[in-house]
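Asker: Position 350, counted from 1, in the sequence shown is what UniProt numbering calls 350; the numbers after and before it change by one each time, with no gaps.
No residue lacks a Cβ here, since even glycine has one placed at the ideal position from N, Cα and C.
Note that this is a predicted model, so its numbers are computed, not measured.
I'd like to ask you about the structure that follows.
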Amino acid sequence: MKIGIVCYPTYGGSGVVATELGKALSIEGHEVHFITYSQPRRLDFFNENLFYHEVGIRSYPLFKYPPYELALASKLVDVVKYEQLDILHVHYAIPHASAAFMAKQILAEEGIFIPVVTTLHGTDITLVGKDATYAPVVTFSINASDGITSVSDDLRKDTFSHFNIKKEIEVIPNFIDLARFKKQPKEHFKTAICPHGEKLLVHTSNFRAVKRVNDVIRVFDKVRAEIPCKLLMVGDGPDRPEAEALCRELGACADIRFLGKLDVVEEVLSVADLFIMPSEKESFGLAALEAMACEVPVITSNAGGIPELNKHGYSGFLSDVGDVEDMVKNTLTILKDENLPTFKANALARAKEFDISNILPKYEAYYEQVMEAF
Ligand code: GMT
């Protein structure tokens, strides 16, 4: 197949999923064309089946907001026509699904017909999409897609409850490349961070309100009162200053390090004993899956699609959103020396169920189904 993939190229789960999917499809022999405004971060290897088309944005003094959606639609028309694509797969509804719709209409005028698959990732539905600012266009463009997938059953249900969707939504969960995300021998790093054999907790996110980073700090502060431990905060975003202020207020700065954005998060996860994700909402929780693949058990909230990934008492524990005390109790259970090896093994076993080799055929089969029905 010749597949066009549209995504956000920077940090963020939807771009990661789109890029890793494209890479895997290209290895399977499909021709994959990425169409976006800059080189996707994870598009870091060469393959004769991989192509990248940059969407150039023309600015003009009249434009307070340069119209990216129009530039993307125009680029889609060009790439579909000249590369003779069979299918377009857009990740994150806003504005990719509506840009694809517009491109499809323009191409149809020229007698070129292409099916569009839209993958819903989470905040495009639960936070941004349902806002009245975008809702009519999001509803229309999801319904105008020839195929719709969501990364969890919870997100599928949310989509039906927030929008008047008239088509079926196929659930295809997030996946992990276990060849990349695996426990690596980085013991020197662990010794540097935890010189006295302390347990190491890790959180990674974009530090947005939905991630509840202050809960991470509060849980850690109570855990460190019970056992020697350290915390690494990976990532950056609007709530980082508040989290840093809380560390100072609690007198916990000596035990917590903010590492900022890291490309090699798997190296940090390789030495972690526990991952914490207390999110308010999470359509799937790819960051937790990345941790589990590196043999790290996870403490999570039970929000959104997280229960479809984390199994309570097996790969970690789930608590109600904001229930810091329960998260502390569960963290202490996992970190007990007699429990930790089992939780680590279980985390990996659960992650293996989401190995890309299990999920890639689902996308391929779905593309075939959509193209046949088109
Ligand atoms: O987590 C974020 O805020 C980034 C966001 C994105 O769109 O890049 O992630 C969403 O998509 C990921 C990949 O499908 C999911 O694993 C995340 O759970 C989801 N985030 C939320 O629902 C908050």
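1) Note down, in chain order, each residue of its chain lying with its Cβ closer than 6 Å to the Cβ of lysine 186, except the 5 sequence neighbours on either side.
2) Taking 7 Å as the cut-off, is the CB of glutamate 282 close to at least one heavy atom of the ligand GMT?
3) Pick helix, strand or coil for leucine 127, following the three-state DSSP scheme.
4) Run through DSSP, which three-state label would isoleucine 359 get?
5) Taking its Cβ as the centre, do 16 or more other Cβ atoms sit within 10 Å of asparagine 164, making it buried, or is it exposed?
6) List, from N- to C-terminal side, the beta strand (DSSP E) runs of 3 residues or more that fit wholly inside the UniProt domain "Glycosyl transferase family 1" (194–341).
7) Just to confirm before moving on: does the CB-CB distance between leucine 335 and isoleucine 227 stay below 8 Å?
8) Does the distance between the C-beta of threonine 300 and the nearest non-hydrogen atom of the ligand GMT fall short of 7 Å?
9) Can you check whether the CB of glycine 322 is closer than 8 Å to the CB of proline 297?
10) Is it buried or exposed for cysteine 294, if we count other Cβ within 10 angstroms and need 16 for buried?
11) At what residues does the beta strand (DSSP E) containing isoleucine 87 begin and finish?
12) Are methionine 233 and leucine 259 close, meaning C-beta to C-beta below 8 Å?
13) Going by DSSP in three states, leucine 50 sits in which element: helix, strand or coil?
14) Residues in its own chain within less than 8 Å of arginine 350 by CB, not counting five upstream and five downstream?
15) To which residues does DSSP link aspartate 150 through a beta bridge?
16) Is it the case that the region 147–164 contacts the region 241–259, given that we only count it when at least three CB pairs across the two stretches are under 8 Å?
17) According to DSSP, which residues form a beta bridge with phenylalanine 34?
18) Drop a sphere of 10 angstroms on the beta-carbon of methionine 64, count the other beta-carbons inside from all chains shown, and report buried for 16 or more, exposed for fewer.
19) Put isoleucine 176 into one of helix, strand or coil per three-state DSSP.
20) With a CB to CB cut of under 6 Å and the five nearest residues on each side skipped, what residues in its chain are close to aspartate 86?
21) Relative to the C-alpha of histidine 30, which candidate in Ala373, Glu372 and Tyr367 has its C-alpha closest?
22) Alpha carbon to alpha carbon, how far is serine 98 from leucine 231? Give it in angstroms, no decimals.
23) Is serine 145 helix, strand or coil by DSSP?
24) Could you check the C-alpha separation between alanine 243 and isoleucine 106 for me, to the nearest Å?
25) What do you reckon, is the C-beta of serine 315 under 7 Å from a heavy atom of the ligand GMT?
26) Closest to residue 376 by CA distance: which of Ala24, Gly56, Tyr37 and Ser59 is it?
27) Since glutamate 290 contacts valine 265 with CB under 8 Å, what's their CB separation in whole angstroms?
28) If you draw a straight line from the alpha carbon of valine 328 to that of asparagine 346, how long is it in whole angstroms?
29) Taking 8 Å as the threshold (beta carbon to beta carbon), is glycine 15 in contact with chain B?
30) Histidine 96 and valine 6 look like a contact to me (Cβ under 8 Å); what is the Cβ gap, rounded to whole Å?
31) Between the Cα of histidine 188 and the Cα atoms of Phe181, Lys182 and His196, which residue gives the shortest distance?
32) Express the C-alpha separation of asparagine 214 and glycine 22 in angstroms, rounding to a whole number.
33) Taking all protein chains shown into account, do 16 or more other C-beta atoms lie within 10 angstroms of the C-beta of aspartate 239, making it buried, or fewer, making it exposed?
34) Inspect the beta-carbon positions of valine 171 and aspartate 146 and report whether they are closer than 8 Å.
Answerer: In terms of the structure at hand:
1) So the list reads Glu267, Ser270 and Val271, once near-sequence residues are dropped.
2) Under cutoff, so the answer is yes.
3) In the structure shown, leucine 127 sits in coil (DSSP, three-state: anything other than H, G, I, E or B).
4) The answer is helix: DSSP assigns isoleucine 359 an H, G or I state.
5) Around the CB of asparagine 164, fewer than 16 other CB atoms lie within 10 Å, so the residue is classed as exposed.
6) Complete beta strand (DSSP E) runs here, min 3: 199–204, 229–234, 256–260, 274–277, 298–301 and 316–319.
7) Cβ atoms of leucine 335 and isoleucine 227: closer than 8 Å.
8) Between the ligand GMT and threonine 300, a heavy atom-to-CB distance of less than 7 Å is absent.
9) Inclusion of proline 297 and glycine 322 in the CB contact set at 8 Å is not warranted, their separation being larger than that value.
10) Here cysteine 294 is buried, its C-beta having at least 16 other C-beta atoms within 10 Å.
11) Where isoleucine 87 is concerned, the enclosing beta strand (DSSP E) starts and stops at 87–91.
12) It is a contact, given that the beta carbons lie within the stated cut-off.
13) In the structure shown, leucine 50 sits in a strand (DSSP, three-state: E or B).
14) Cβ within range, chain order: Met292, Leu309, Asn310, Lys311, Tyr314 and Ser315.
15) Just to set this straight, residue 150 is serine in the shown sequence, not aspartate. DSSP lists Leu120 and Val171 as partners of serine 150.
16) The answer is no - the region 147–164 does not touch the region 241–259, with fewer than three Cβ pairs under 8 Å.
17) The partner list for phenylalanine 34 (beta bridge, DSSP) reads Ile5 and Tyr52.
18) Here the sequence assigns lysine to residue 64, which means methionine is not the residue at that position. Lysine 64 is classed as exposed because its beta carbon has fewer than 16 other beta carbons within 10 Å across all chains shown.
19) Judged by DSSP in its simplified three-state form, isoleucine 176 adopts strand.
20) By the criterion of a C-beta distance shorter than 6 Å, aspartate 86 is surrounded in its chain by Met1 and Lys2, once the five residues flanking it on both sides are discounted.
21) For histidine 30, the closest alpha carbon among the candidates Ala373, Glu372 and Tyr367 is that of Tyr367.
22) The C-alpha of serine 98 is placed about 42 Å away from the C-alpha of leucine 231.
23) Note: serine 145 maps to coil in three-state DSSP.
24) Approximately 48 Å, taken between the alpha carbons.
25) Not so, every heavy atom of the ligand GMT lies at least 7 Å from the Cβ.
26) Since the first and last residues shown for the chain are 1 and 374, residue 376 lies out of range.
27) Contact flag correct, Cβ pair sits at about 7 Å.
28) Whole-angstrom Cα-Cα distance: 20 Å.
29) No chain B appears in the structure shown, which is made up of a single protein chain.
30) Yes, histidine 96 and valine 6 are in contact; Cβ-Cβ is about 5 Å, under 8 Å.
31) When only C-alpha atoms are compared, the closest one is His196.
32) Rounded to the nearest angstrom, the two C-alpha atoms are 35 Å apart.
33) Flag for aspartate 239 reads buried.
34) No; because the gap between Cβ atoms is not below 8 Å, this pair is not in contact.
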